[in-house]
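Student: Mind having a look at this structure? Questions to follow.
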Amino acid sequence: MGPKILVAGVTVPLPYALALRLVPGFDSMRVVSRIGLLFMFGFAGLVGLGAERVMRKLGPKMERPQYRVAAAAVFLALVAVEYDFPWRRYLAQTVPTAQGVPEVYQVLRRLPPAPLLEIPGGTPGIIGSRQESEYVFLSIFHWRPLLNGYSGYRPPSYLVTMALARALPEHRALELLQRTTGLGYLVVHLDRLPPGKRAQWNNPPGMRVLYRSNNALLLTPEHESPTDLLPALLDFHPRETTILGTPIQPVSADQQQVDLRLNGSPPTSVFTGLPLDLEVVLTNRSTTTWPALASVGEPLVYLGYRFVGPGGRVIQEVQNAARLPDDPRPGVPVRATLTAFAPQTPGDFHLVVGLSQGGKWFPTLIELPISVKPWPK
Numbered sequence: 000m001g002p003k004i005l006v007a008g009v010t011v012p013l014p015y016a017l018a019l020r021l022v023p024g025f026d027s028m029r030v031v032s033r034i035g036l037l038f039m040f041g042f043a044g045l046v047g048l049g050a051e052r053v054m055r056k057l058g059p060k061m062e063r064p065q066y067r068v069a070a071a072a073v074f075l076a077l078v079a080v081e082y083d084f085p086w087r088r089y090l091a092q093t094v095p096t097a098q099g100v101p102e103v104y105q106v107l108r109r110l111p112p113a114p115l116l117e118i119p120g121g122t123p124g125i126i127g128s129r130q131e132s133e134y135v136f137l138s139i140f141h142w143r144p145l146l147n148g149y150s151g152y153r154p155p156s157y158l159v160t161m162a163l164a165r166a167l168p169e170h171r172a173l174e175l176l177q178r179t180t181g182l183g184y185l186v187v188h189l190d191r192l193p194p195g196k197r198a199q200w201n202n203p204p205g206m207r208v209l210y211r212s213n214n215a216l217l218l219t220p221e222h223e224s225p226t227d228l229l230p231a232l233l234d235f236h237p238r239e240t241t242i243l244g245t246p247i248q249p250v251s252a253d254q255q256q257v258d259l260r261l262n263g264s265p266p267t268s269v270f271t272g273l274p275l276d277l278e279v280v281l282t283n284r285s286t287t288t289w290p291a292l293a294s295v296g297e298p299l300v301y302l303g304y305r306f307v308g309p310g311g312r313v314i315q316e317v318q319n320a321a322r323l324p325d326d327p328r329p330g331v332p333v334r335a336t337l338t339a340f341a342p343q344t345p346g347d348f349h350l351v352v353g354l355s356q357g358g359k360w361f362p363t364l365i366e367l368p369i370s371v372k373p374w375p376k
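In our numbering, the protein residues as written are 0 to 376.
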């Protein structure tokens, strides 16, 4: 079950937490369920010893090679049945070889080296993990430094980079990506974008088209920019200011004035557990700039959400669901994408979206009625 469990907002330690402290090797197991692999290795050895003893008890005939091979085949068949192997369909995705790699990467390979960003990028959940791992695999065909990525460890800078990536094609996001990463190329997978988002890439500001097809774009920034913000992006020590120099401190209650609106028409229903992508435009109506764009440091201002059920009961809440792609300045709109995951329980809810800092919500919120439906049987 892991080292702890959250019960009614209270963290309760479990026996695994004690094992983490006392048993050598436990703290190296990133996913708790994988501890079962150690058990399986030991169990397999014991089964092998037991099988040999049974074969010896059956008499000298079992010493013959043909009998041993037959016994091994029987054991393998039993294992296959136990794992439901004859009937289970294991889903595997084909990947391109050098001859089948998309043309956009062939064009990219012939260009001078520079950091690459692939769009869509930074999408939370399983869909995003699959996309990012595919980008990593395809990088072997062009070998350009990749801002996307997928592994068991996400550096703090990745959250900032992907917040900026999800704000594209906004010119401010492009400028900050150049200043923080030295961005040189963008591959935009048009066939993976919703229609509204795809239309935004028809004539993106500040970018020049190097390649275009029905499914993909290869772009480069029109103007070079210094990477003056790269040291701040990669500084993972405790900081007193954001990457842009805004002091990291609480926003006072009288300065938590914000206009919030959604771009486009949000869905009114969703299946349990599925993600909802919401494009939020916020405008700081106070007189101070808010801290948001930083690899490390708290308290930062985040976009968050909660699902509220009948009677005002909070079913699900994530206050730091999305980093903002800028420090919100007074009167300057900031566009950010928030991914909210529907509850696993069907029902009629209100999806509440807003800003939070230090575990507390700003007073201005967006509230949307939404129906969470069970999956068809």
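The beta-carbon is built from N, C-alpha and C at its ideal position, and this holds for glycine as well. Note that the structure is predicted; figures quoted are calculated from it, not measured.
State yes or no: is the C-beta of residue 282 within less than 8 Å of the C-beta of residue 353?
Tutor: Along the sequence shown, one-based indexing puts residue 282 at 283. Along the sequence shown, one-based indexing puts residue 353 at 354. No, these two residues do not count as a Cβ contact at 8 Å.
Student: Evaluate contact between the segment 99-118 and the segment 207-226, counting only Cβ atoms and requiring at least three cross-stretch pairs below 8 Å.
Tutor: yes
Student: Taking Cβ positions, are residue 195 and residue 127 nearer each other than 8 Å?
Tutor: Position 196 of the sequence shown holds residue 195. Position 128 of the sequence shown holds residue 127. No, Cβ-Cβ distance for residue 195 and residue 127 is not below 8 Å.
Student: Considering only C-alpha positions, which residue in the set 146, 347, 167 and 192 is nearest to residue 181?
Tutor: As a working mapping, residue 181 is identified with position 182 in the sequence shown. Residue 146 is the option with its Cα nearest to residue 181.
Student: Please confirm whether residue 371 and residue 339 have their CB atoms less than 8 Å apart.
Tutor: Your numbering for residue 371 matches position 372 in the sequence shown. Your numbering for residue 339 matches position 340 in the sequence shown. No, these two residues do not count as a Cβ contact at 8 Å.
Student: Go ahead and pull the three-state DSSP assignment for residue 93.
Tutor: Mapped onto the sequence shown, residue 93 falls at position 94. Reduced to three states, the DSSP call for residue 93 is coil.
Student: Looking at the structure shown, is residue 246 part of a helix, part of a strand, or coil, going by DSSP?
Tutor: On the sequence shown, residue 246 is found 247 positions in, with the first residue counted as 1. Looking at residue 246 - three-state DSSP - the assignment turns out to be strand.
Student: Using 10 angstroms around the beta-carbon of residue 39, count the other beta-carbons present and answer buried if the total reaches 16, otherwise exposed.
Tutor: Residue 39 sits at position 40 when you count from the first residue of the sequence shown. It is exposed - the Cβ of residue 39 has fewer than 16 other Cβ atoms within 10 Å.
Student: For residue 159, report the span of its alpha helix (DSSP H) as first-last.
Tutor: Position 160 of the sequence shown, counted from the first residue, corresponds to residue 159. Run containing residue 159: 155-166, per the alpha helix (DSSP H) assignment.
Student: Helix, strand or coil: how does DSSP classify residue 30 here?
Tutor: Here the question's residue 30 lines up with position 31 in the sequence shown. DSSP places residue 30 in coil when its eight states are reduced to three.
Student: Measuring alpha carbon to alpha carbon, tell me which residue in 357, 138 and 232 is nearest residue 161.
Tutor: Within the sequence shown, the letter at position 162 stands for residue 161. Checked all of 357, 138 and 232; the closest Cα to residue 161 is 232.
Student: Would residue 167 and residue 118 qualify as a contact pair, given that the criterion is a beta-carbon distance under 8 Å?
Tutor: As a first step, residue 167 is located in the sequence shown; it is residue number 168 there, counting from the start. As a first step, residue 118 is located in the sequence shown; it is residue number 119 there, counting from the start. It is a contact, given that the beta carbons lie within the stated cut-off.
Student: Taking residue 273 as the reference, which of 345, 279 and 221 has the closest Cα?
Tutor: As a first step, residue 273 must be located in the sequence shown, where it is residue number 274. For the residues 345, 279 and 221, the minimum Cα distance to residue 273 belongs to 345.
Student: How is the alpha helix (DSSP H) around residue 278 delimited, first residue to last?
Tutor: Stepping through the sequence shown from its first residue, residue 278 is reached at position 279. Where residue 278 is concerned, there is no enclosing alpha helix (DSSP H), although the beta strand (DSSP E) it sits in stretches over 274-283.
Student: If we ignore side chains and look at the alpha-carbon of each, how far apart do residue 275 and residue 68 end up?
Tutor: The residue you call residue 275 lines up with position 276 of the sequence shown. The residue you call residue 68 lines up with position 69 of the sequence shown. Approximately 54 Å, taken between the alpha carbons.
Student: Would you mind giving the Cβ-Cβ distance between residue 184 and residue 137, rounded to the nearest angstrom? I have them listed as a contact below 8 Å.
Tutor: Locating residue 184 in the sequence shown gives position 185, where the first residue counts as 1. Locating residue 137 in the sequence shown gives position 138, where the first residue counts as 1. Their Cβ separation, rounded to whole angstroms, is 13 Å, which puts residue 184 and residue 137 out of contact at 8 Å.
Student: Shortest alpha-carbon distance to residue 358 belongs to which of 322, 298, 367 and 326?
Tutor: The residue given as residue 358 occupies position 359 in the sequence shown. Among 322, 298, 367 and 326, the Cα nearest to that of residue 358 is on 298.
Student: Can you give the Cα-Cα distance for residue 303 and residue 318, rounded to whole angstroms?
Tutor: Here residue 303 refers to the residue found at position 304 when the sequence shown is read from its first residue. Here residue 318 refers to the residue found at position 319 when the sequence shown is read from its first residue. Residue 303 and residue 318: Cα-Cα distance of roughly 4 Å.
Student: By the three-class DSSP mapping on this structure, what secondary structure does residue 312 have?
Tutor: As a first step, residue 312 must be located in the sequence shown, where it is residue number 313. Three-state DSSP puts residue 312 in coil, outside helix and strand.
Student: Give me the residue from 41, 306 and 151 with the minimum Cα distance to residue 369.
Tutor: Numbered from 1 along the sequence shown, position 370 holds the residue referred to as residue 369. Comparing Cα-Cα distances from residue 369 to each of 41, 306 and 151, the minimum goes to 306.
Student: Does DSSP put residue 66 in a helix, in a strand, or in coil?
Tutor: On the sequence shown, position 67 is the one that residue 66 refers to. In the structure shown, residue 66 sits in a helix (DSSP, three-state: H, G or I).
Student: Am I right that residue 228 and residue 178 are in contact with their C-beta atoms under 8 Å? What's the rounded C-beta distance?
Tutor: Taking the first residue of the sequence shown as 1, we reach residue 228 at position 229. Taking the first residue of the sequence shown as 1, we reach residue 178 at position 179. So it is a contact: roughly 4 Å between Cβ atoms.
Student: Would you please state the rounded distance, in angstroms, between the beta carbons of residue 288 and residue 238? I believe it to be under 8 Å.
Tutor: Position 289 of the sequence shown, counting from 1, holds the residue named residue 288. Position 239 of the sequence shown, counting from 1, holds the residue named residue 238. Contact flag wrong, Cβ pair sits at about 16 Å.
Student: Suppose the cutoff is 7 Å on Cβ atoms and the five residues either side in sequence are ignored; what does the same chain contact list for residue 350 look like?
Tutor: Residue numbering aside, residue 350 sits at position 351 when the sequence shown is read from its first letter. Cβ within range, chain order: 304, 306, 339, 367 and 369.
Student: Report the CB separation of residue 255 from residue 361 in whole angstroms; it is logged as a contact under 8 Å.
Tutor: For this step, residue 255 is matched to residue 256 along the sequence shown. For this step, residue 361 is matched to residue 362 along the sequence shown. That pair is a contact at about 4 Å.
Student: Which of helix, strand or coil does DSSP assign to residue 255?
Tutor: What you label residue 255 is simply residue 256 of the sequence shown in a count that begins at 1. Three-state DSSP puts residue 255 in coil, outside helix and strand.
Student: Since residue 102 is in the alpha helix (DSSP H), which residue starts that stretch and which ends it?
Tutor: Position 103 of the sequence shown, counted from the first residue, corresponds to residue 102. Here the alpha helix (DSSP H) through residue 102 covers 102-108.
Student: Alpha carbon to alpha carbon, how far is residue 99 from residue 320? Give it in angstroms, no decimals.
Tutor: Against the sequence shown, residue 320 aligns to sequence position 321. Against the sequence shown, residue 99 aligns to sequence position 100. Spanning the two alpha carbons is a distance of roughly 37 Å.
Student: To the nearest angstrom, how far is the alpha carbon of residue 121 from that of residue 134?
Tutor: Taking the first residue of the sequence shown as position 1, residue 121 is located at position 122. Taking the first residue of the sequence shown as position 1, residue 134 is located at position 135. Each residue's Cα considered, the two are about 12 Å apart.
Student: Can you give the Cα-Cα distance for residue 337 and residue 242, rounded to whole angstroms?
Tutor: Here residue 337 refers to the residue found at position 338 when the sequence shown is read from its first residue. Here residue 242 refers to the residue found at position 243 when the sequence shown is read from its first residue. In a straight line, the C-alpha of residue 337 is about 21 Å away from that of residue 242.
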